[in-house]
Amino acid sequence: MSGREARRRAFRDLLRLISFLRPFSGKVALSLVLGAGTVVSGAILLATASYLISAAALGTALVLLTGPIYAVRLSGVARAAFRYAERLFSHDATFHLLSDFRSYLYRRLEPLAPAQLTYRRSGDLLARVTKDVEDLQEVYLRGLAPLAVFALVALATGAFYALFSPALAGFVVALLVLFGFGSPALVWSLGRGLARREAAVRAELDAHLVDGVQGAQDLLAFGRAEDHAETAAILGRKLATVQRRRGAVEALGESLGELSTGVAALVVLLLAAPLVLSGEVRGVYLAALVLVALGAFEAVTPLGGALRATGRSLAAARRLFELADTEPYVREPDPPEPLPQGPLSIELRDVTFGYRGEKDPALRGVSLHVPAGGRVAVVGPSGSGKSTLAHLLLRFSDPDSGEVLLGGRDLRSLAGEDIRRSVGVSEQSAHVFSGTLRENLLLVRPEATGEELARAVRLAGLGRLLERLPEGLDATVGERGARLSGGERQRLALARVFLEDAPVLVLDEAASHLDAEAERDLARSVREWWRERPGRTVIHITHRLVGLKRMDEVLVLDGGRVVERGTHEELSRAGGLYARMLRVQRDLIAGDLPDCGSPVVAAEKSRKEQRGG
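Residue 613 is where the sequence shown ends in full-length UniProt numbering, and the numbering goes up by one at each step.
Next comes the structure, spelled out in structure tokens:
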């Protein structure tokens with residue numbers, strides 16, 4: 001990107017940020033006036049105090065000094081009051097801006113999940129929605145506000161000096177502009193790109209640290225914790241180097257700001273002294289003219305920081321807008337069609353789908369029809385496209401070709417909320433939120449009664465877990481369910497879908513962390529749920545051929561294609577892939593094949609050995 005294009009993009013980003021302040025324009029305008037009033041009050045305080053001292057020294061009658069005395073008192077109080085009010089209104093507007101931007105960003109992120117967030121590092125996303133959003137507050141508090149206050153102060157200063165000498169007024173305003181923008185421009189050119197580099201390195205470090213925390217157990221197990229820590233240290237040193245450079249540039253800017261104030265006062269003194277000697281300006285005003293310049297240049301000092309703060313905010317804005325402007329793969333229909341009431345059928349018509357960036361499609365020409373109230377199993381080896389089917393049923397992505405229908409309606413014509421309210425999915429890696437068991441269950445139905453919770457817990461087989469935890473459903477589960485075993489997390493996910501009671505139930509490897517006995521219990525629970533809720537449609541996705549005899553149809557996937565379909569009995573006799581999978585599973589449990597490391601197989605073999613012993 002060329003320099004001109006980068007500046008244009010930065011300007012567009014700045015305008016977009018300013019647009020978020022539009023709802024609070026009244027508070028913003030008031031805070032700017034109050035900020036200018038603070039600086040002007042300080043200048044008036046210095047001017048009147050110096051005039052008061054000079055006039056008193058020249059023997060001016062006390063009665064003539066009453067006005068300046070009150071002006072000193074009033075300007076001192078006004079300065080403090082204006083500063084407090086300015087901080088109050090400016091921070092209120094800024095915090096509302098951050099709140100609205102977070103909501104805006106979440107609304108933009110939500111349609112991207114999960115397909116388009118899968119390939120992003122969670123640490124990078126965390127850095128964007130926390131640190132980058134926080135950096136946006138500087139665009140107003142330390143960026144735009146000081147610039148606007150400076151403009152108002154420059155006008156007021158010019159008007160004040162014009163009362164004494166138009167030439168002096170023009171020269172002072174020129175000094176304000178020169179020092180106000182010259183020094184910051186110099187500093188900005190020295191620190192160009194540092195804010196962007198700092199944001200990028202910080203995001204990389206945050207992502208690395210999050211990976212380390214989430215994968216600490218694996219890093220320790222494989223002896224790579226030290227390597228990971230060393231990489232974090234390298235990134236930390238890299239960040240510190242960038243921050244030191246930025247700090248040096250900022251220190252230079254502050255020094256130039258302080259220097260400009262002293263230089264301006266000296267220049268005004270040198271210019272005003274001849275006016276006093278010529279009689280054009282009374283001598284009693286000389287000190288006031290010099291000190292007003294000191295007060296006015298209080299508005300110049302923050303300008304160096306304003307450019308740097310704006311640079312940091314624009315660097316953060318670029319990363320945030322890049323995320324927010326990502327076009328979702330799935331678009332909501334406008335307007336959506338209503339979903340039929342009652343039991344719902346599921347149908348796939350010649351569906352082909354491939355993930356972005358992958359060479360081969362995950363599904364190729366798959367067709368499936370599950371009538372309302374039907375039960376169908378989808379089986380196949382790992383990587384055959386089974387979980388992709390669940391992905392499409394929830395419309396997390398649209399097929400490249402073909403149609404997916406729910407209740408006879410194409411999913412692309414239905415609102416996403418209606419789809420996900422009608423299709424309950426229990427995944428093998430369902431997320432467990434940090435909180436209590438009760439909160440995790442009520443996530444799907446906040447209005448659920450205690451009786452409904454108890455039923456879902458019973459069906460999912462969570463009774464033993466509740467007996468182990470004294471707090472029962474109010475026990476905390478830890479980050480990502482750290483206090484729960486893999487099987488318990490899966491049971492919790494099952495309890496959610498039982499509680500949700502959606503017309504369509506999709507079990508996506510829902511028993512992958514359960515032993516064989518628990519898997520049989522799960523099959524019985526699903527049958528019980530299905531009997532109690534006639535008309536509910538069930539799709540059971542699994543690579544383990546357990547409890548499939550009662551399925552209306554079994555679909556066998558391999559390489560993304562349907563290679564077999566029929567009932568359990570038909571496929572068992574057909575001698576195809578299903579029969580081979582069934583034979584291998586039986587041989588594994590019997591111990592006639594090497595143990596492949598499956599925890600389920602190990603558990604079954606252990607039980608058989610104990611019985612035999």
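C-beta: ideal position from N, C-alpha, C; glycine also.
Coarse secondary structure for residue i, derived from DSSP in three states
i	result
Phe321	helix
Ser606	The pLDDT assigned to Ser606 is 45, lower than 50, so where the model puts this residue is not dependable; a value taken from the coordinates is nonetheless given after this. If DSSP states are grouped into helix, strand and coil, Ser606 belongs with the helices.
Pro594	Annotation note: pLDDT 49 at Pro594 (below 50); position unreliable, coordinate value reported separately. The answer is coil: DSSP assigns Pro594 none of H, G, I, E or B.
Leu15	helix
Gly613	Here Gly613 scores only 39 on pLDDT, less than 50, and its place in the model should not be relied on; the value that follows carries that caveat. If DSSP states are grouped into helix, strand and coil, Gly613 belongs with coil.
Asp418	helix
Arg409	strand
Gly283	helix
Arg565	strand
Glu358	coil
Thr326	coil
Thr476	strand
Thr48	helix
Thr436	strand
Leu259	helix
Gly383	coil
Thr241	helix
Gln116	coil
Glu471	coil
Pro111	helix
Ala482	coil
Leu269	helix
Distance CB(residue i)-CB(residue j) smaller than 9 Å
i	j	result
Phe297	Ser260	yes
Leu219	His208	no
Arg349	Gly402	yes
Val187	Leu252	yes
Ala448	Ala299	no
Arg536	Pro503	yes
Pro328	Pro111	yes
Thr241	Val379	no
Thr436	Leu473	yes
Leu307	Pro184	yes
Thr94	Leu32	no
Arg544	Glu519	yes
Asp418	Leu339	yes
Glu553	Ala390	no
Val497	Leu393	no
Leu469	Ala495	no
Gly304	Glu250	yes
Ala523	Gly547	yes
Thr65	Ala57	Correcting the residue identity first, residue 65 is Leu in this sequence and not Thr. Their beta carbons are not under 9 Å apart, which means Leu65 does not touch Ala57 by this criterion.
Leu323	Arg586	no
Val292	Thr157	yes
Asp515	Gly560	no
Lys131	Ser90	no
Residue closest to residue i, alpha-carbon to alpha-carbon, out of the options
i	options	result
Arg121	Arg524, Gly67, Gly212	Gly212
Val425	Pro336, Ile69, Glu500, Gly559	Glu500
Arg196	Val153, Ala151, Arg128, Phe164	Arg128
Ala288	Leu21, Pro302, Glu479, Ala272	Ala272
Gly180	Ala151, Asp552, Gly215	Ala151
Ala456	Glu467, Arg468, Val330, Arg438	Arg438
Arg12	Ala315, Pro111, Thr118	Ala315
Phe433	Glu322, Arg412, Arg489, Arg22	Arg489
Thr352	Ala93, Ser313, Val562	Val562
Ser189	Gly416, Met551, Arg246, Glu110	Arg246
Ala36	Pro146, Arg73, Ile53	Pro146
Ser397	Arg108, Ala115, Val40	Ala115
Arg7	Val526, Gly311, Val404	Gly311
Gln341	Ser387, Leu368, Arg421, Arg458	Arg421
Val77	Arg583, Val40, Ala579	Val40
Ser75	Gly295, Ala169, Phe20	Gly295
Any C-beta of chain C under 9 Å from that of residue i
i	result
Asp552	The displayed structure is made up of one protein chain only, and chain C is not part of it.
Strand pairing of residue i, partner residues [DSSP]
i	result
Phe353	Leu363
Leu348	Leu368, Val404
Ala377	His540, Val554
Ser426	Leu507
Glu337	Leu414
Thr449	For Thr449, which the question treats as bridged, DSSP gives no partner whatsoever.
task: Could you name each continuous alpha helix (DSSP H) segment of 4 residues or more that falls completely within the segment 511-562, going from the start of the chain to the end?
output: 516-532
field: Contained alpha helix (DSSP H) runs [length at least 4] in the segment 133-212, N- to C-terminal order
entry: 145-162, 166-190
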